[in-house]
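This report concerns only the one structure given below.
2 protein chains.
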Amino acid sequence: MEKINITLKEKGIKPTYQRLKVLDYMSKNLRNHPTVEMIYEELAKEIPTISLTTVYNTLGTFIEKGLVCGVTITGTEVRYDINTESHHHFLCKKCGDIIDVDVPCSLSGKKGELVDGHKIEEIHGYFKGTCRSCI
Amino acid sequence: MEKINITLKEKGIKPTYQRLKVLDYMSKNLRNHPTVEMIYEELAKEIPTISLTTVYNTLGTFIEKGLVCGVTITGTEVRYDINTESHHHFLCKKCGDIIDVDVPCSLSGKKGELVDGHKIEEIHGYFKGTCRSCI
DNA sequence: CACATATATTGTAATAATTACAATATTGCA
DNA sequence: TGCAATATTGTAATTATTACAATATATGTG
């Protein structure tokens, strides 16, 4: 938990209790790609007064400071990912899980470069289908 | 317009006036990746009685039958694409435009195959950044 | 330590995209 | 033409997210 405190300070984010808890949750649920709702529900067990707005605000701050990133591939909600390295995802149409996949891909590693004259800041790749557990 | 009629029949979709018009719009706006709202606004000029629900229903049917596909990369709304061939996109953070990009990419051409044991049905890749016109 | 100021949290209300649903209209076939 | 199936429309409900104002907390200065 002290590690998380330090991470926040390093990024210039005031380490409040709520922020610590959100980042702690993200760190412990590396492969979850949770929604705001999932984080809120879980934290509310420990912090009954926490508000949904705070979770939104916190994640907004984290994204700004590059601590997490938003994954917008379901079409209905934003999922959050503490792994900010450019990597690819698999979205299961049956269970809704988002899973990291490790594919060598020429899309990777081009930040700052151009495609067709457009300046690249982020690179995203994902598959949709049926995940291993749902087949 | 007759061509569009035939396309609908081939796909087993009853070619109603509204559906013809939606598909016609999509065909004439190949590079737009429009929202439901954009399609609705435009068609409402010619068909004042058309309803937003019809546009949603129509696009839903088109997606089911493989006539168009949904592009869910902005995080706020679904954009529609009449190009159903697997290809990649560029989302401009300034103007919001979605532009097709032609990148050779190992993500392509793997439908039916597996990644990490997950069965692939769709492959998507996109960049975010500043488009050519906004630089 | 106390106070002032800035910043964060909370709760509620507003907005935006989408879906549900029931009434009406249209289509295609016997 | 008439009937059954399907499509369209309008409205209301739902879901995710944002706006905003009041309250609470944290930080820096004397």
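Top line first, the protein sequences correspond to chains A and B. Numbers 1 to 135, taken from my numbering, label the letters of the first sequence in order. Numbers 1001 to 1135, taken from my numbering, label the letters of the second sequence in order. By construction, the Cβ of each residue, glycine as well, lies at the ideal position given by its N, Cα and C atoms. Keep in mind it's a predicted model, so treat the numbers as computed, not measured.
Going by Cα to Cα distance, which pick from the options is closest to residue i?
i: glutamate 1085 (chain B); options: B:Val1068, B:Gly1112, B:Asn1032, B:Ile1098; result: B:Val1068
i: threonine 53 (chain A); options: A:Ile39, A:Arg132, A:Leu8; result: A:Ile39
i: threonine 16 (chain A); options: A:Ile123, A:Asp116, A:Thr58; result: A:Thr58
i: histidine 88 (chain A); options: A:Val78, A:Val71, A:Cys95, A:Glu121; result: A:Val71
i: aspartate 1100 (chain B); options: B:Phe1127, B:Glu1046, B:Arg1019; result: B:Phe1127
i: isoleucine 123 (chain A); options: A:Met1, A:Pro48, A:Glu113, A:Lys65; result: A:Glu113
i: alanine 1044 (chain B); options: B:Val1022, B:Phe1062, B:Gly1060; result: B:Val1022
i: valine 115 (chain A); options: B:Thr1130, B:Glu1121, B:Lys1111; result: B:Thr1130
i: valine 1036 (chain B); options: B:Tyr1056, B:Thr1074, B:Ile1098; result: B:Tyr1056
i: threonine 7 (chain A); options: A:Pro104, A:Glu42, A:Arg132, A:Phe62; result: A:Phe62
i: lysine 110 (chain A); options: B:Val1103, B:Thr1049, B:Thr1074; result: B:Val1103
i: phenylalanine 1090 (chain B); options: A:Asp97, A:Thr76, A:Lys119, A:Thr74; result: A:Lys119
Is residue i close to chain A, meaning its C-beta is less than 8 angstroms from at least one C-beta of that chain?
i: arginine 1132 (chain B); result: yes
i: valine 1078 (chain B); result: yes
i: isoleucine 1013 (chain B); result: no
Counting only C-beta atoms, is residue i closer than 8 angstroms to chain B at any point?
i: aspartate 24 (chain A); result: no
i: phenylalanine 62 (chain A); result: no
i: glycine 153 (chain A); result: Beyond the ends of chain A as shown, which are 1 and 135, falls residue 153 (chain A); an answer cannot be given.
i: valine 36 (chain A); result: no
i: isoleucine 82 (chain A); result: no
i: isoleucine 98 (chain A); result: no
Residues of chain B with CB under 8 angstroms from residue i, in chain order?
i: threonine 74 (chain A); result: Thr1072
Going along chain A in order, which residues have a C-beta closer than 9 angstroms to the C-beta of residue i?
i: phenylalanine 1090 (chain B); result: Val115, Asp116, His118, Ile120
i: aspartate 1102 (chain B); result: Val115, Asp116
Can you pull the chain A residues whose beta carbon is under 8 angstroms from the beta carbon of residue i, in chain order?
i: isoleucine 1039 (chain B); result: None at all; the shortest Cβ gap to chain A is about 17 angstroms.
Check the Cβ of residue i against every Cβ in chain B and list those closer than 7 angstroms, keeping chain order.
i: isoleucine 135 (chain A); result: Lys1119
Tell me which same chain residues have a C-beta within less than 8 angstroms of the C-beta of residue i, skipping the five on either side of it?
i: isoleucine 1196 (chain B); result: With chain B covering only 1001 through 1135, there is no way to say anything about residue 1196 (chain B).
i: lysine 65 (chain A); result: Lys11, Gly12, Ile13
Near residue i, which residues of its chain fall below 6 angstroms by C-beta distance, leaving aside the five closest residues on each side in sequence?
i: cysteine 134 (chain A); result: Cys92, Lys94, Cys95
>> Counting beta carbon pairs with one atom in the segment 81 to 97 of chain A and one in the segment 24 to 38 of chain A, are three or more of them shorter than 8 angstroms?
In response: Touching, yes.
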